[in-house]
Structure formats: C-alpha cells, structure tokens
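S.K.: Quick note on our numbering: the sequence shown kicks off at 57 and runs consecutively. Virtual Cβ for every residue (Gly too), placed ideally from N, Cα, C. Let me give you the structure first, and then I'll get to my questions.
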Amino acid sequence: MVGVAILCAVLAAGCGALGAMWQHAGVRETTDLKLTSALRLVRSRRWVHGFLVLFACAVLQVVALALAPVSVVAPLNALAIPIIAVARTRRPTGVPAVAALVATAGIAVFVTITAGAAVPTQVSPKVALQAGQLVVAGVLVCVVAATFTAGAVRALALAVGAGIAYGLVAVLVRDVTTALPVVEWVSLGGLVVAFLSGAWFIQLGYAAGPPDLVVAGQTVVNPIVAAWIGIELLGEGTGMSAAAQAGLVVSAVAAVAGTVALAHYHRVRQDTLP
Numbered sequence: 057m058v059g060v061a062i063l064c065a066v067l068a069a070g071c072g073a074l075g076a077m078w079q080h081a082g083v084r085e086t087t088d089l090k091l092t093s094a095l096r097l098v099r100s101r102r103w104v105h106g107f108l109v110l111f112a113c114a115v116l117q118v119v120a121l122a123l124a125p126v127s128v129v130a131p132l133n134a135l136a137i138p139i140i141a142v143a144r145t146r147r148p149t150g151v152p153a154v155a156a157l158v159a160t161a162g163i164a165v166f167v168t169i170t171a172g173a174a175v176p177t178q179v180s181p182k183v184a185l186q187a188g189q190l191v192v193a194g195v196l197v198c199v200v201a202a203t204f205t206a207g208a209v210r211a212l213a214l215a216v217g218a219g220i221a222y223g224l225v226a227v228l229v230r231d232v233t234t235a236l237p238v239v240e241w242v243s244l245g246g247l248v249v250a251f252l253s254g255a256w257f258i259q260l261g262y263a264a265g266p267p268d269l270v271v272a273g274q275t276v277v278n279p280i281v282a283a284w285i286g287i288e289l290l291g292e293g294t295g296m297s298a299a300a301q302a303g304l305v306v307s308a309v310a311a312v313a314g315t316v317a318l319a320h321y322h323r324v325r326q327d328t329l330p
C-alpha cells in the first residue's frame with residue numbers, strides 16, 4: 057500500500073507543477089487581482105486548465121494519504137520544484153538550479169527517513185484542534201508579512217502561508233478518509249477552510265512573483281508542517297531514533313535554505329530589471 061501511495065504522490069507532484077504553470081499564466085492575465093474580482097480568473101482558459109489539472113492532483117493526494125502516513129506522502133509534493141524548474145528553463149543553471157536541487161534533495165532525504173520509520177495513526181479531535189490553532193497562528197504571521205512587502209518577498213510570504221494551510225489539509229484529509237463511512241464534520245469543515253485559504257494565497261502569490269518561487273515555497277513548507285504534525289502531534293514518529301530525528305532536522309533545513317536562496321535570487325533579479 058505504501059508503494060501505491062508513493063506512486064500517487066509522485067504523479068500528484070507532476071500534476072501540481074503543470075497546474076501551477078498554467079494557473080500562473082492565467083493570473084498574470086488578470087490585473088489587480090482581489091477577492092472581489094476572483095471570478096474573472098475563470099475567463100482565462102489557461103487558468104481553468106490549471107484548475108482541472110490541480111483537481112486531478114488533489115484526487116491523487118487524497119488516495120495517497122488514505123494509504124500511507126502523512127509524514128511519508130506529504131513531502132513528495134516537493135518533487136514539483138525540479139519539475140517546474142526544468143519546464144520553465146530548458147537548461148536551468150546557476151543559483152535557481154542549485155537552489156531547486158538543494159530544496160529537492162532535502163525533501164528526498166526527509167521522505168526516505170519518514171518512509172522507513174513512520175507508523176500510521178489516528179487523528180483525534182484534540183490533536184486536530186491543536187494543529188488547527190498552530191496553523192492559524194502561522195498563517196496570520198504570513199499575512200502580516202505579505203501585507204507590508206512586495207515582489208518576490210510578498211510572493212514567498214504568501215506561498216509559505218499556503219504551505220502551512222496545506223500542511224493542515226494533508227492531516228485532515230487523512231482523518232476524514234480513514235474515518236469513512238463515518239463523516240468527521242469538524243475535520244471536513246476545517247479541511248475546506250484551510251484548502252480554500254491556501255488556494256487563494258497561491259493565486260495572490262502568482263500575482264506577486266514567479267511560479268517556481270511560489271511552488272517552491274508552498275511545497276517545501278507544506279510537507280514540513282504536515283510531517284511535524286504527524287510526528288510530534290499524531291505520534292507517527294514513535295520509536296524513531298535520535299539519528300533519524302537529526303536527519304529530519306538537517307534535511308528540513310536544507311529544503312528551507314534552498315527555497316530562501318531561490319527567493320533571494322528572484323528578488324535581486326527583480327531589483328536589477330529596468
């Protein structure tokens with residue numbers, strides 16, 4: 057089952073990269089994007105195509121999360137980083153290539169460790185509430201940061217906010233799917249709110265910066281948040297050795313460092329443009 061889950065997650069990453077590029081193009085066609093003007097996005101054929109591909113991505117992720125622990129499936133979203141980097145540049149070189157490689161390698165190591173040590177667990181209402189409170193606090197910090205910044209920094213802040221929200225989505229999806237046929241209405245409601253918030257942040261991120269930066273930001277933060285909730289709050293890392301925990305920390309730091317380097321590159325490039 058874990059193998060099927062990993063395959064679904066990898067396919068979802070590919071769909072996520074393709075959908076992100078199409079939606080970014082569609083958002084760029086819409087000037088002065090605001091919540092009140094969001095319906096204008098559906099007029100863009102490329103944005104709609106991106107939405108449909110991302111819907112397929114969501115279905116694949118739901119299947120993967122139903123078959124394997126959160127800390128195994130969620131990190132594989134980061135495979136979208138090298139996919140979109142290669143798709144946007146035929147021969148990616150320099151800082152963007154190295155940054156994308158470091159971020160991807162960090163997540164790959166993270167997945168390797170969690171796949172061998174994580175154990176499936178149930179999501180209790182208390183843990184879901186606690187995770188929700190922590191996520192709301194993190195998202196609010198990102199909203200404040202995005203409000204007082206612009207360009208690549210604003211795009212990254214919004215992407216991080218989306219990643220935090222999607223980290224909670226991954227946990228709640230597992231709770232809802234493993235509880236079927238009983239419907240966990242609280243978790244389902246929280247899932248919808250977190251998903252819609254993250255999706256809107258991503259659209260705003262596309263309006264502020266390049267798609268590879270937005271994808272890198274949310275796909276690195278998303279699995280780190282989801283895996284942290286799974287390991288620390290759900291107990292998926294019970295029995296994990298000290299060496300494995302140290303490896304998780306190092307790989308997470310590498311992934312974040314690669315994303316920050318990518319953001320810095322885009323900010324410098326934007327400042328040097330006429």
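1) Pick helix, strand or coil for residue 296, following the three-state DSSP scheme.
2) Do you know whose CA, among 205, 276, 199, lies nearest residue 223's CA?
3) Should residue 261 and residue 214 be called a contact, given that it needs their Cβ atoms to be closer than 8 Å?
4) Using 10 angstroms around the beta-carbon of residue 290, count the other beta-carbons present and answer buried if the total reaches 16, otherwise exposed.
5) Less than 8 Å between the beta carbons of residue 334 and residue 129, yes or no?
6) Who are the Cβ neighbours of residue 139 in its own chain at under 7 Å, not counting the five residues just before and after it?
7) With H, G and I counted as helix, E and B as strand and the rest as coil, what does DSSP make of residue 204?
8) Start and end of the alpha helix (DSSP H) containing residue 258?
9) Look at residue 109 and residue 75 and say whether their C-beta atoms are less than 8 Å apart.
10) For residue 119, report the span of its alpha helix (DSSP H) as first-last.
11) When the Cβ atoms of the segment 303–316 are set against those of the segment 154–161, are three or more pairs found closer than 8 Å?
12) Given that a residue counts as buried once 16 or more other Cβ atoms are within 10 Å of its Cβ, and exposed if not, what is residue 101?
13) Among the candidates 232, 165, 264, whose CA atom is the shortest distance from the CA of residue 203?
14) Would you check if the distance between the CB atom of residue 166 and the CB atom of residue 250 is smaller than 8 Å?
15) Whole angstroms are fine: how far does the CA of residue 59 sit from the CA of residue 155?
16) Let me make sure I understand the geometry here. Which of 187, 124, 79, 230 has the alpha-carbon closest to that of residue 221?
17) Give the straight-line distance between the Cα atoms of residue 269 and residue 82, rounded to the nearest whole angstrom.
18) By Cβ distance below 8 Å, which residues in the same chain neighbour residue 317 in space, the five residues on each side in sequence not counted?
19) Please check the pair residue 225 and residue 254, which I expect to be a contact at CB under 8 Å, by giving their CB distance rounded to whole angstroms.
20) Within its chain, find whatever has a CB closer than 7 Å to the CB of residue 231; leave out the 5 residues flanking it on each side and keep chain order.
21) Consult DSSP for residue 228 and reduce its assignment to one of helix, strand or coil.
22) Answer yes or no: do residue 281 and residue 219 have a C-beta to C-beta separation smaller than 8 Å?
23) Excluding the 5 residues flanking residue 216 on each side, which residues of the same chain have their C-beta closer than 6 Å to its C-beta?
24) Alpha carbon to alpha carbon, what distance is there between residue 285 and residue 190?
25) Where residue 330 and residue 211 are concerned, what is the direct C-alpha to C-alpha distance, given to the nearest angstrom?
26) Give me the Cα-Cα distance between residue 201 and residue 63, rounded to the nearest whole angstrom.
27) Who are the near neighbours of residue 206 in its chain, counting only those whose CB is closer than 8 Å to its CB and skipping five residues on each side?
M.R.: According to the data block:
1) In the sequence shown, counting from the first residue as 1, residue 296 sits at position 240. It is coil, neither helix nor strand.
2) As a position in the sequence shown, residue 223 is number 167, starting the count at 1. For the residues 205, 276, 199, the minimum Cα distance to residue 223 belongs to 276.
3) Walking along the sequence shown from the start, residue 261 turns up at place 205. Walking along the sequence shown from the start, residue 214 turns up at place 158. Closer than 8 Å, so yes.
4) Translated into the one-based positions of the sequence shown, residue 290 becomes position 234. So residue 290 counts as buried.
5) Look at the range of the chain in this structure, 57 to 330, and you will see that residue 334 is not part of it.
6) Counting from one through the sequence shown, the residue named residue 139 turns up at place 83. The residues are 69, 70, 73.
7) Here residue 204 is taken as the residue at index 148 of the sequence shown, counted from 1. In the structure shown, residue 204 sits in coil (DSSP, three-state: anything other than H, G, I, E or B).
8) In the sequence shown, residue 258 corresponds to position 202, counting from 1. From DSSP, the alpha helix (DSSP H) with residue 258 extends over 241–264.
9) Position 53 of the sequence shown, counted from the start, is the residue given in the question as residue 109. Position 19 of the sequence shown, counted from the start, is the residue given in the question as residue 75. A contact, by the Cβ cut-off of 8 Å.
10) Here residue 119 refers to the residue found at position 63 when the sequence shown is read from its first residue. Segment 101–123, the alpha helix (DSSP H) holding residue 119.
11) yes
12) Your numbering for residue 101 matches position 45 in the sequence shown. Exposed is the call here.
13) On the sequence shown, residue 203 is found 147 positions in, with the first residue counted as 1. That would be 264, whose Cα lies nearest to the Cα of residue 203.
14) Taking the first residue of the sequence shown as 1, we reach residue 166 at position 110. Taking the first residue of the sequence shown as 1, we reach residue 250 at position 194. Cβ distance not < 8 Å, so residue 166 and residue 250 don't count as in contact.
15) For the purposes of this step, residue 155 is taken as residue 99 along the sequence shown, with counting starting at 1. For the purposes of this step, residue 59 is taken as residue 3 along the sequence shown, with counting starting at 1. Going by the C-alpha atoms only, they are around 28 Å apart.
16) The residue you call residue 221 lines up with position 165 of the sequence shown. Of 187, 124, 79, 230, the residue nearest in Cα terms is 187.
17) As a first step, residue 269 is located in the sequence shown; it is residue number 213 there, counting from the start. As a first step, residue 82 is located in the sequence shown; it is residue number 26 there, counting from the start. Approximately 17 Å between the Cα atoms of the pair.
18) Locating residue 317 in the sequence shown gives position 261, counting from the first residue. Closer than 8 Å at the Cβ level, and outside the excluded window around residue 317, lie 151, 154, 155, 158.
19) Numbered from 1 along the sequence shown, position 169 holds the residue referred to as residue 225. Numbered from 1 along the sequence shown, position 198 holds the residue referred to as residue 254. With a Cβ gap of about 7 Å, residue 225 and residue 254 count as contacting.
20) Counting from one through the sequence shown, the residue named residue 231 turns up at place 175. Closer than 7 Å at Cβ, skipping near neighbours: 179, 184, 240, 243.
21) Numbered from 1 along the sequence shown, position 172 holds the residue referred to as residue 228. Residue state, collapsed to three classes: helix.
22) Residue numbering aside, residue 281 sits at position 225 when the sequence shown is read from its first letter. Residue numbering aside, residue 219 sits at position 163 when the sequence shown is read from its first letter. In this structure, residue 219 lies closer than 8 Å to residue 281 by Cβ.
23) The residue you call residue 216 lines up with position 160 of the sequence shown. If we look at residue 216 and ignore the five residues flanking it on each side, its Cβ neighbours are 198, 273, 277.
24) To locate residue 190, count along the sequence shown from 1; it is residue 134. To locate residue 285, count along the sequence shown from 1; it is residue 229. Each residue's alpha carbon lies about 10 Å from the other.
25) Start at 1 with the first residue of the sequence shown, and residue 330 comes out as number 274. Start at 1 with the first residue of the sequence shown, and residue 211 comes out as number 155. Confidence at residue 330 is low in this model, with a pLDDT of 47, below 50, so the placement of that residue is unreliable and no value is reported for it.
26) Residue mapping note: residue 201 aligns to position 145 of the sequence shown, counting from 1. Residue mapping note: residue 63 aligns to position 7 of the sequence shown, counting from 1. For residue 201 and residue 63, the distance between alpha carbons rounds to 36 Å.
27) As a first step, residue 206 is located in the sequence shown; it is residue number 150 there, counting from the start. Same-chain partners within the cutoff: 264.
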